[in-house]
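J.: Count along the sequence shown starting at 1, add 72, and that's the number in the working numbering. Beta carbons: idealized from backbone N, C-alpha and C, even for Gly.
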Amino acid sequence: MGGSHIGKGTWRNSLRNFELYLGVANDLNLDVQLITKEMAVSLAIIHWEAKCDGMDAEWVLGSAASKEFLPEIDDDFLNKEMVDIGPDFKKRGTYLWALDFDKTRRIQYDSTCIPLLLGGVTANDPYLPNPKHSPKPLYYLFKKTYLEASDIILRRNRPTKDVLALPQQFLRAWEDWSKEPEDIGFELDGWGDNGDDGDDEDEDEEDDFSEEELSFEDKRSDAETGDQEAFDDSDDEGSD
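Encoded structure:
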């Protein structure tokens, strides 16, 4: 839901899982607003009920082969014949799942949780409607639902005003992040600017060494040429 367009790939020819983009969801006539609300409520539960940042969690739409229906009470059910309801592969029940929490981190109800929550939504695939790439109405719906659900969850434990302000602080940090230029990657030792500078110095040293070698070669060539000229002069004098 965080991306709008289909990228390159072989998902059209695969029966395995594939990415669901916003444009595809609209083409399939999926209830995008309902999915957005469900994702917002789920994220609020992950943050403020489970108290984790949701790092590297996956959001999946899955279905069951059985058709769901509301049970009906029939006063004459004792005289009804039993009917076997087989699987219906055309009208399936669809569910939103949040999976794979092996990299999540625990949070505390204080300001230290904001960087963790921000990393949980920005250092992951763009599953969620977000302030950087999603249409504004869709993100505003997500934001509104998330704040409402977060407030309901937090108020059950009689929180302080500072705790109640944490969901809004998280969204503000997310929106500030969305205004920054696109990330180009992590700066690790030897791979960032410092690493590049070190490589340049090594290259300069190699270049200087090469110049010294060339200078030495030139001097040696000049010396050999001089010796050859002196040898030729000696031969000429001997001939005379």
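1) Closest to residue 236 by C-alpha separation, out of 242, 245, 226, 243, would be which residue?
2) With a Cβ-Cβ cutoff of 7 Å, do residue 187 and residue 219 count as a contact?
3) Tell me whether residue 165 sits in a helix, a strand or coil according to DSSP, three-state version.
4) For residue 178, which of helix, strand or coil comes out of DSSP?
5) Verify whether the separation of the beta carbon atoms of residue 127 and residue 175 is less than 7 Å.
6) Indicate whether residue 217 and residue 123 have their beta-carbon atoms separated by less than 7 Å.
7) According to the Cβ coordinates, are residue 214 and residue 97 closer than 7 Å?
8) Taking only the alpha-carbon atoms, compute the straight-line gap between residue 90 and residue 208 and give it to the nearest angstrom.
9) Does the Cβ-Cβ distance between residue 197 and residue 129 come in under 7 Å?
10) If residue 189 sits next to residue 125, beta carbons under 8 Å apart, how far is it from one beta carbon to the other, in whole angstroms?
11) Count the other CB atoms within 10 Å of the CB of residue 135; is the residue buried (16 or more) or exposed (fewer)?
12) Just grab the DSSP bridge partners of residue 135 for me.
13) On the premise that residue 195 lies in contact with residue 116, defined as a C-beta separation below 8 Å, what is that separation, rounded to the nearest angstrom?
14) What's the gap between the Cα of residue 317 and the Cα of residue 212?
T.: In short, the structure shows the following:
1) The residue labelled residue 236 in the question sits at position 164 within the sequence shown. It is 226.
2) Stepping through the sequence shown from its first residue, residue 187 is reached at position 115. Stepping through the sequence shown from its first residue, residue 219 is reached at position 147. No, the pair does not count as a contact, with Cβ atoms beyond the cut-off.
3) Within the sequence shown, numbered from 1, the residue matching residue 165 stands at position 93. Three-state result, residue 165: strand.
4) The sequence position of residue 178 within the sequence shown is 106, counting from 1. Strand, per DSSP.
5) Mapped onto the sequence shown, residue 127 falls at position 55. Mapped onto the sequence shown, residue 175 falls at position 103. Yes, the Cβ-Cβ distance between residue 127 and residue 175 is below 7 Å.
6) Walking along the sequence shown from the start, residue 217 turns up at place 145. Walking along the sequence shown from the start, residue 123 turns up at place 51. Taking 7 Å as the Cβ cut-off, residue 217 and residue 123 do not qualify as a contacting pair.
7) Residue numbering aside, residue 214 sits at position 142 when the sequence shown is read from its first letter. Residue numbering aside, residue 97 sits at position 25 when the sequence shown is read from its first letter. No, Cβ-Cβ distance for residue 214 and residue 97 is not below 7 Å.
8) The residue labelled residue 90 in the question sits at position 18 within the sequence shown. The residue labelled residue 208 in the question sits at position 136 within the sequence shown. Each residue's Cα considered, the two are about 25 Å apart.
9) What you label residue 197 is simply residue 125 of the sequence shown in a count that begins at 1. What you label residue 129 is simply residue 57 of the sequence shown in a count that begins at 1. Not in contact: residue 197 and residue 129 (Cβ atoms no closer than 7 Å).
10) Position 117 of the sequence shown holds residue 189. Position 53 of the sequence shown holds residue 125. Rounded, the Cβ-Cβ distance is 5 Å, consistent with contact.
11) Position 63 of the sequence shown, counted from the first residue, corresponds to residue 135. So residue 135 ends up on the exposed side.
12) Position 63 of the sequence shown, counted from the start, is the residue given in the question as residue 135. Per DSSP, 166.
13) Taking the sequence shown and counting its residues from 1, the one referred to as residue 116 is at position 44. Taking the sequence shown and counting its residues from 1, the one referred to as residue 195 is at position 123. Wrong, their Cβ atoms sit about 19 Å apart, outside the cutoff.
14) Not covered by the structure: residue 317. The range shown for the chain is 73 to 312.
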